[in-house]
């Protein structure tokens, strides 16, 4: 399907479903634009699911000279793989073509108080327990506060979720990832079947996502280092928790997109939804980045980070090729802003 790049996933998804089609995955909130999501490698969860940009099959970009460039997976090979997660550096994306599949139904169950010891011992089993799995934690009490397990519903399949999940108890009511907030904003839980676009996100279109006003940080670590990285952050709990609303841990499949944090490596992400206290958060991020440095963590392009440009460049082997691609599309740097000049084009 080909859409205007500024369309949101919340606008597109019901239209697709009404025609009998679906996307492979969605982010935790449907309010975001398609162009913004793919440009920053925004993702949902699911160890077999690539980020949202992996669904892109073609792009239409208005370049600095006003020309319209078209790139497709089928015809443009490596240049296409470099352009999809483009950080806005190549031009203005005006149209996006996305892979679609037959529509499907899903259900989700939430479990409370998963012991951290279960994460250590059974991480792979936990992550493979559903189509999309999210672990929410405040890093306190040696436990994961909530486990959200989203599964496809097969027609005619009888299903009853277990009352326990590796020591966690199945929730008896709908929950918000931040326990003290109302679950009214969240997608339906309790195993009630519904269309994919009403279950894959955590938050409902038309309602405030997450806590509303907040700061966000997220780091991608190679899947094989997931447990060690989680434990490294857990050791910082006394520093992190006073400034945190909630953290979320997710798994994402590897891809071939040059500036994707999942380029050629399956990843687990550790996300932080912070209270709106920039002075405190700005001091915490370098501490977290230091703890995650042994795992060669990559920050989410669309969230806050303090990693130096020099260190960032060591994380992306295709960055020199991306810079050459940018020079081809925008030789005079018309689309370079402070973020790009600092993190991509600095010498």
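Residue numbers (the working numbering): 1 to 347. C-beta atoms are modelled at their ideal positions from N, C-alpha and C, and glycine is treated no differently.
Can you tell me where the alpha helix (DSSP H) holding residue i begins and where it ends?
{"i": "residue 311", "result": "309-315"}
{"i": "residue 328", "result": "319-329"}
{"i": "residue 291", "result": "278-292"}
{"i": "residue 354", "result": "Coverage of the chain is limited to positions 1 through 347, which leaves residue 354 absent and any answer about it impossible."}
{"i": "residue 304", "result": "Where residue 304 is concerned, there is no enclosing alpha helix (DSSP H), given that its DSSP letter is neither H nor E."}
{"i": "residue 159", "result": "From DSSP, residue 159 is part of no alpha helix (DSSP H); its letter is neither H nor E."}
{"i": "residue 396", "result": "In the structure displayed, the chain extends from 1 to 347; residue 396 sits before or after that span and is not available."}
In terms of residues, what are the limits of the beta strand (DSSP E) holding residue i?
{"i": "residue 247", "result": "244-252"}
{"i": "residue 146", "result": "143-153"}
{"i": "residue 135", "result": "132-137"}
{"i": "residue 111", "result": "105-115"}
{"i": "residue 84", "result": "Per DSSP, residue 84 belongs to no beta strand (DSSP E) and is neither H nor E."}
{"i": "residue 274", "result": "267-274"}
{"i": "residue 97", "result": "92-98"}
{"i": "residue 69", "result": "68-72"}
Would you check if the distance between the CB atom of residue i and the CB atom of residue j is smaller than 7 Å?
{"i": "residue 13", "j": "residue 197", "result": "yes"}
{"i": "residue 35", "j": "residue 5", "result": "yes"}
{"i": "residue 251", "j": "residue 127", "result": "yes"}
{"i": "residue 168", "j": "residue 114", "result": "yes"}
{"i": "residue 246", "j": "residue 177", "result": "yes"}
{"i": "residue 70", "j": "residue 60", "result": "yes"}
{"i": "residue 205", "j": "residue 10", "result": "yes"}
{"i": "residue 276", "j": "residue 213", "result": "yes"}
{"i": "residue 201", "j": "residue 28", "result": "yes"}
{"i": "residue 46", "j": "residue 325", "result": "no"}
{"i": "residue 255", "j": "residue 50", "result": "yes"}
{"i": "residue 100", "j": "residue 203", "result": "no"}
{"i": "residue 106", "j": "residue 152", "result": "yes"}
Examine chain C for any beta-carbon lying closer than 7 Å to the beta-carbon of residue i, and answer yes or no.
{"i": "residue 307", "result": "The structure shown contains no chain C, having only a single protein chain."}
Can you give the beta carbon distance from residue i to residue j, rounded, assuming they're within the 8 Å contact cut?
{"i": "residue 58", "j": "residue 41", "result": "18 Å between Cβ atoms; not a contact."}
{"i": "residue 110", "j": "residue 175", "result": "5 Å"}
{"i": "residue 259", "j": "residue 85", "result": "4 Å"}
{"i": "residue 312", "j": "residue 343", "result": "6 Å"}
{"i": "residue 195", "j": "residue 103", "result": "7 Å"}
{"i": "residue 240", "j": "residue 284", "result": "7 Å"}
{"i": "residue 296", "j": "residue 217", "result": "Contact flag wrong, Cβ pair sits at about 17 Å."}
{"i": "residue 122", "j": "residue 166", "result": "5 Å"}
{"i": "residue 274", "j": "residue 319", "result": "With 8 Å as the limit, residue 274 and residue 319 do not qualify as a contact, their Cβ atoms being about 28 Å apart."}
{"i": "residue 219", "j": "residue 270", "result": "5 Å"}
{"i": "residue 236", "j": "residue 278", "result": "Contact doesn't hold; Cβ gap of about 19 Å is too wide."}
{"i": "residue 330", "j": "residue 91", "result": "6 Å"}
List the residues that DSSP assigns as beta-bridge partners of residue i.
{"i": "residue 170", "result": "111"}
{"i": "residue 255", "result": "263"}
{"i": "residue 101", "result": "22"}
{"i": "residue 60", "result": "70 and 95"}
{"i": "residue 4", "result": "95"}
{"i": "residue 46", "result": "252"}
{"i": "residue 164", "result": "169"}
{"i": "residue 298", "result": "220"}
message = Which runs of the alpha helix (DSSP H) at least 4 residues long sit entirely within the segment 188-242? Give them in chain order.
response = 226-234 and 237-240
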